[in-house]
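Working notes, structure below.
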Amino acid sequence: MFQAKADVISKKEISPGVFSITLISPEISRNAKPGQFVHVLCGVQNDKFLLRRPFSIHRVVPGRAFEILFQVVGSGTKELSKVKIHDALDVIGPLGTSFTYSPDIKSALLLAGGLGVAPLLFLAEELTENHVMFYAMLGAQTKTKLLRYIDFKRLAKKTFAATEDGSFGHEGTVVALLNRTVHRLRPQVIYAVGPGKMLQKVAETADDFGIDCQVSIEAKMACGVGACLGCTCLTRQGFKLTCKDGPIFNARDIMWGESEVEQLSLDGYKYEAAEITDSD
Amino acid sequence: MFQAKADVISKKEISPGVFSITLISPEISRNAKPGQFVHVLCGVQNDKFLLRRPFSIHRVVPGRAFEILFQVVGSGTKELSKVKIHDALDVIGPLGTSFTYSPDIKSALLLAGGLGVAPLLFLAEELTENHVMFYAMLGAQTKTKLLRYIDFKRLAKKTFAATEDGSFGHEGTVVALLNRTVHRLRPQVIYAVGPGKMLQKVAETADDFGIDCQVSIEAKMACGVGACLGCTCLTRQGFKLTCKDGPIFNARDIMWGESEVEQLSLDGYKYEAAEITDSD
Amino acid sequence: MSVNLSVTLAGIKMKNPVMPASGTFGNGREFSEFFDVGRLGAIVAKTVTLKPREGNMPPRVCETTSGMLNSIGLQNEGLGYFLKHDLPYMRKFKIPIIVNIAGNTLEEYAQICRDLRGVEGVSAIELNISCPNIKAGGIAFGASSKLAEQVTAASRYNTDLPLIVKLTPNVYNISKIARAVVSAGADAVSLINTLVGMSIDIKTFKPQLANYTGGLSGPAIKPVAVRMVWEVAQTVDVPIIGIGGIMTAEDAIEFFLAGATAIAVGTANFVNPKAMVEIIEGIERFLSERGFTDVRQLIGKVRV
Amino acid sequence: MSVNLSVTLAGIKMKNPVMPASGTFGNGREFSEFFDVGRLGAIVAKTVTLKPREGNMPPRVCETTSGMLNSIGLQNEGLGYFLKHDLPYMRKFKIPIIVNIAGNTLEEYAQICRDLRGVEGVSAIELNISCPNIKAGGIAFGASSKLAEQVTAASRYNTDLPLIVKLTPNVYNISKIARAVVSAGADAVSLINTLVGMSIDIKTFKPQLANYTGGLSGPAIKPVAVRMVWEVAQTVDVPIIGIGGIMTAEDAIEFFLAGATAIAVGTANFVNPKAMVEIIEGIERFLSERGFTDVRQLIGKVRV
Ligand SMILES: Cc1cc2nc3c(=O)[nH]c(=O)nc-3n(C[C@H](O)[C@H](O)[C@H](O)COP(=O)(O)OP(=O)(O)OC[C@H]3O[C@@H](n4cnc5c(N)ncnc54)[C@H](O)[C@@H]3O)c2cc1C
Ligand SMILES: Cc1cc2nc3c(=O)[nH]c(=O)nc-3n(C[C@H](O)[C@H](O)[C@H](O)COP(=O)(O)OP(=O)(O)OC[C@H]3O[C@@H](n4cnc5c(N)ncnc54)[C@H](O)[C@@H]3O)c2cc1C
Ligand SMILES: Cc1cc2nc3c(=O)[nH]c(=O)nc-3n(C[C@H](O)[C@H](O)[C@H](O)COP(=O)(O)O)c2cc1C
Ligand SMILES: Cc1cc2nc3c(=O)[nH]c(=O)nc-3n(C[C@H](O)[C@H](O)[C@H](O)COP(=O)(O)O)c2cc1C
Ligand code: FES
Ligand code: FES
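Chains as they are written, first to last, in my numbering: chain A, -9 to 270; chain B, -9 to 270; chain C, 5 to 308; chain D, 5 to 308.
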């Protein structure tokens, strides 16, 4: 765990509203493992009072810099999207647990919904380095929201894409794609990152097929370091801290369907007016 | 009273920490009178929650634009100093009362302490236009803090300067200078703008010599338009609203030495440790 | 799709649920230069007392983080002046007029209620009960369920107008106070008034307000206000006017969901004199974007 | 010029007046990776209860304008675990340790006090009295001067350690509560704990916290905290630990002027883990720039 004033050395809007920022920090990049995250003070001057925001480590330039990939969804990410090259961001990291695999792992499946590619690209690079064969499966609503497809294609044995509107790859959700293909791919382990609802379904499929599954869980965080007990995640072993015992959990341990998962899934906001009846 | 989104067409740091900004607003510039002020939402995006800040109208480009002159003293002025050309500022104005003079006025004295030049330059231009003879007397701590000297010199019959450290013009305060010269200049009216303590002394001198004196009073404001009753000034006629019944008051009406004047005078912050004794 | 914004609050028909919070809008005069005040759902007058009040010494306002403190001290010209000069002016807006009143004693509230009987153009009375009861050792009427009940009953007895009681948040159990005023005849409650706060200038070592302490308002207090509106909505059946830190339509919607039938905007008027108009438009937009047809579909609909 | 930052608070000698607010610093472990925790004036443990507590369902935190809400629900492993695992760790910092405790009943507070008797390294006990008394219908101990007095007396009877009572701000008359706890034997008071608030997500219509309501902390509440510290400083003679929205040395100084002998930093630790160290350095700088030699020269020196 380090607190660094990390210089921004590159910033790109890789898709509308989705940015990648590369930050210099020898300590963080040297120690980072796939699945871990950084806790970022968004904006250069924080006189607005904003709690830090957590972002997965997306990639590292070993020993020198690391990259985050994020979507603008609210005030913090909006501020973050405004930083300029040479600005210094106050960052804490690397934080939390990482994806794990046994030394003799033969095949893996990396499954991302939307921004879920963020930690998985780092994992993909590490697996490649360690000569572990893996598939990648990326899902998005539409083609322009499909992120890092080329990068995964370069690294993975095979990269599948699913778009809900069919504008690229398979038509439908990435979960449907998984369910259609998993019996053929037969990965030893699935690493899944994405909205809570998606993770829950992936976990069910993995369970049905007896495949190990590791997921990255999101929770609102205050401290990010395990001190405030604010980011609890309900597991079969009781409350765990998402920032310290996670964010990477064994999917079997998660008590799915509990409030935080529903609330925080980034696509969970499509609100149905029908549910609310006029009582006046 | 207008609310305008006024484009910044010029911005200069005329002295360290002192900025002038020119804003386009036909309505405000057309209606502005010397002594009136504008109430400015400082910064382009006001998501920080900042109340508006009042600034005197410093000059007008008739029917088109107006200028403000301000010193960075806190969060609002700091934000304001960061605006860029072509930014649009949310401004309300013109507000409050203005300096007055009878049609047959023969001679006036404009007396400014520090930033007090802000409304007085506008007045100087108007007096010049109306062929009213006037003197100007500008005071500051030191030469670099003496503002708009050349401009007054161009317009006034004679312009006096006083610096506390003697680095330019007379050595000492502008009040001392006034007291030494007033019997010779014999103005019909004194227009004085500056810190509360200074205004009080000027008012005493004016009173001693039977000269009319108009002053610009400062008070913390919320609404700026007379609705919140937050900016009261204690006068011989009871509480008056600085934003609506002022900021220009007849010096004789002010109950000097009341809390707000002391508190708000910009140079009143020199704190003497000696006043506080150790009681532990 | 057209959406309905109108609500009925304690019998007052409002074309939309947005009004100013007492004391932050004068009596509409100044703001009428910025927008058509007639577009509001109602207008709420600055607190009127029986006799004129001078108010507190300046400085009376200061800014705090995401909020402000004020200690105006109920400065006003008294009921007589109000009836003669302000009320006739306010009638021109042709929207419901809510007259906010305060007193030092039960009798003063009662007297004002009597004096407002049959006065043209008064749609409702709002009792500001955040002020001290000088006969009860200076404790605020709104800080004790007994005093709150008494002042409501005394007012209720003396008026047939809809009676709104504006609660102070500086209490432990806001529901208890709400229950007390409703049992004494309040037709609606409005909340919250300001939290008591203080700010000290570390350059001068002086309090920022001459009165030392003042009322905290603005976005800083919104979570307290939403909580209290929600708690009171669980407890009493009368409509609620939600107040506290509302700057945008989104803030207003939070209050509707918590249980407010209408909302009042205070401090935001100082930052943006057109805030209320923008809030009305924003509520309309929110409703139609989400497929609602009526603002009342939001009231109390927090999914707990 | 060298300045003295040390203060003595209820007999606890602190090398500077800065400590963490309970519950925002864990027990120091995590923060020790960012700075030398031994530099603090004292360390305050997260609230300990007799039995382990699971805490509330997530989500437990959310951000509000210039503040945050939390509903951790006093999650902790219980006193036994604390004494075995946390306290020994905390002793390594070699600074005074203040153990913050809470209970559901008077007996629980009393029991914890007894269990802490003679335990090495405990410098003081801080009573968190913001929690409900389950035998008194769920009203918080700190919301009633009678309950507050009782819980203080019960604790006082069972410990010889300095006793600090941490007050809840969700009351009308904080001075009354302070008087009650001091009369029952409190050696110091700390204030404020959080204000109760609520926030609703207008996209999902759900409360942001699973527990619906939670405690508001951060800069938003600072004016309320300063006011309460000042009021209490007028009323009781014991030292005060000022808490609430302190982000910078300037904020801390406002609390000293209001009457606090020491201050505790909460939410700021989340924004900047080095906040407390920067505050210590900032206080030192302020004092020497202004020609003071001792932080105690500021205490209660607001010029009213
Ligand atoms: C371990 C971890 C890793 C993450 N990695 C990434 C990443 O690599 N890229 C990325 O774009 N996002 C990532 N997130 C989510 C990211 O933290 C949130 O999008 C961000 O905090 C939103 O901040 P905001 O101020 O813009 O939004 P807010 O204004 O705070 O909220 C906007 C919306 O986003 C939701 N939200 C807020 N905070 C979180 C959160 N912590 N988790 C999930 N949803 C939240 C809110 O419910 C709200 O509806 C990660 C979250 C966690 C917990
Ligand atoms: C009618 C009027 C006209 C003014 N004209 C000018 C002008 O032309 N140029 C200029 O530089 N300043 C002018 N001022 C003062 C200016 O409004 C303040 O300097 C400004 O509001 C400070 O805002 P801030 O956020 O930077 O400071 P804050 O952070 O609010 O405060 C910084 C310091 O400035 C003091 N201050 C804050 N508000 C005021 C205020 N309204 N009046 C006086 N002192 C204040 C505070 O007490 C504090 O010590 C005028 C004030 C008034 C009332
Ligand atoms: C400057 C000012 C003056 C106020 N005067 C009154 C008043 O006279 N009567 C009253 O009932 N409330 C008064 N209030 C309280 C507001 O009506 C409102 O309840 C409070 O400010 C919270 O709302 P806000 O956060 O939107 O400002 C005043 C508030 C402010 C800021
Ligand atoms: C996440 C969180 C957890 C807290 N837990 C406790 C606690 O266990 N015991 C306690 O007495 N106060 C607790 N508090 C209250 C703080 O100690 C402090 O009184 C309050 O947050 C106000 O200070 P601040 O504004 O600096 O945060 C907690 C506050 C927060 C934000
Ligand atoms: S965010 Fe504080 S414990 Fe996880
Ligand atoms: S600032 Fe509101 S009345 Fe003057």
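Using N, Cα and C, we set each Cβ at its ideal position, and we do this for glycine too.
As the structure is a computational prediction, the values presented were derived from the model and not from experiment.
The segment 25 to 32 of chain D makes no contact with the segment 39 to 58 of chain C: fewer than 3 CB pairs, one atom from each, lie closer than 8 Å. In the DSSP assignment, Lys180/C falls within the unbroken alpha helix (DSSP H) covering Ile178 to Ser187. The DSSP assignment places complete alpha helix (DSSP H) segments of no fewer than 4 residues inside the segment 279 to 307 of chain D at 279 to 293, in order along the chain. Following the DSSP letters along the chain, one finds Glu69/B in no beta strand (DSSP E) but inside the alpha helix (DSSP H) bounded by residues Ser65 to Leu70. Ser15/B places its beta carbon 8 Å or farther from that of Glu57/B. Per DSSP, Gln204/B is one residue of the beta strand (DSSP E) stretching across Asp202 to Ser206. Straight through space, the alpha carbons of Arg226/A and Met72/C are spaced by roughly 47 Å.
Going by C-alpha positions, Gly59/D is about 53 Å away from Ile75/B. Relative to ligand 4, the beta carbon of Gly249/D is positioned inside 7 Å of a heavy atom.
Of all C-beta pairs linking the segment 163 to 177 of chain B to the segment 42 to 52 of chain B, fewer than three are shorter than 8 Å, placing the two stretches out of contact. Across the structure, Ala193/A and Asn120/A are spaced so that their CA atoms are roughly 25 Å apart.
Taking the C-beta atoms as reference points, Gly219/D is found no nearer than 8 Å to Thr252/D. Contact residues of the segment 171 to 188 of chain D toward chain C are Asn174, Val175 and Tyr176 (C-beta to C-beta distance below 7 Å). Runs of the beta strand (DSSP E) lying entirely within the segment 146 to 205 of chain A and spanning at least 3 residues, in chain order: 148 to 153 and 179 to 183.
Neighbours of Cys218/A in chain D, taken as residues at a C-beta separation under 8 Å, are given in chain order as Gly27, Thr28, Gly30, Val65, Asn74, Ile76 and Phe274.
Looking at Glu293/C, Gln301/C and Glu288/C, the one whose alpha-carbon comes closest to that of Thr265/C is Gln301/C. Within 10 angstroms of the beta-carbon of Val51/B lie fewer than 16 other beta-carbons, which makes it exposed.
Against Glu81/D, chain A offers no close residue; the least beta-carbon distance is about 11 Å (beta-carbon pairs closer than 9 Å).
Residues of the segment 212 to 242 of chain B with a C-beta less than 9 Å from any C-beta of chain C: Ala212, Cys213, Gly214, Val215, Gly216, Ala217, Cys218, Leu219, Gly220, Cys221, Thr222, Cys223, Leu224, Gly228, Phe229, Thr232 and Lys234, listed in chain order. For Thr232/A, the distance from the CB to the nearest heavy atom of ligand 5 is below 7 Å. Taking the C-beta atoms as reference points, Val233/D is found nearer than 8 Å to Phe259/D.
Excluding residues up to 5 positions away in sequence, Phe35 and Phe38 lie with their Cβ nearer than 6 Å to the Cβ of Pro277/D in the same chain. Taken through DSSP and simplified to helix, strand or coil, Met211/B comes out as coil. In the three-state reduction of the DSSP assignment, Pro100/C falls in the coil class.
For Phe112/A, the enclosing alpha helix (DSSP H) covers residues Val107 to Glu119. When C-alpha distances from Glu130/D are compared across Val123/D, Gly77/D and Asp191/D, the shortest belongs to Asp191/D.
Using a 10 angstroms sphere on the CB of Ile138/D, the tally of other CB atoms stays under 16, which defines it as exposed. Judged by pairs of C-beta atoms under 8 Å, the segment 89 to 98 of chain D touches the segment 39 to 49 of chain D, as three or more such pairs exist.
Contact between the segment 171 to 190 of chain C and the segment 234 to 254 of chain C is established, with three or more Cβ pairs separated by less than 8 Å.
Looking at Gly228/A, Leu145/A, Tyr139/A and Gly129/A, the one whose alpha-carbon comes closest to that of Met188/A is Gly129/A. The straight-line gap separating the alpha-carbon atoms of Ser71/B and Arg160/C is approximately 54 Å. For Lys19/C, the closest Cβ of chain B is not nearer than 8 Å. Using a cutoff of 7 Å, the CB of Arg43/A counts as near ligand 1, since one of the ligand's heavy atoms is closer than that.
Taken through DSSP and simplified to helix, strand or coil, Ile75/A comes out as coil.
The beta carbon of Lys98/C is closer than 8 Å to those of Gly42 in its chain, skipping five residues each way along the sequence. For Arg43/C, there is no enclosing alpha helix (DSSP H), since its DSSP letter is neither H nor E.
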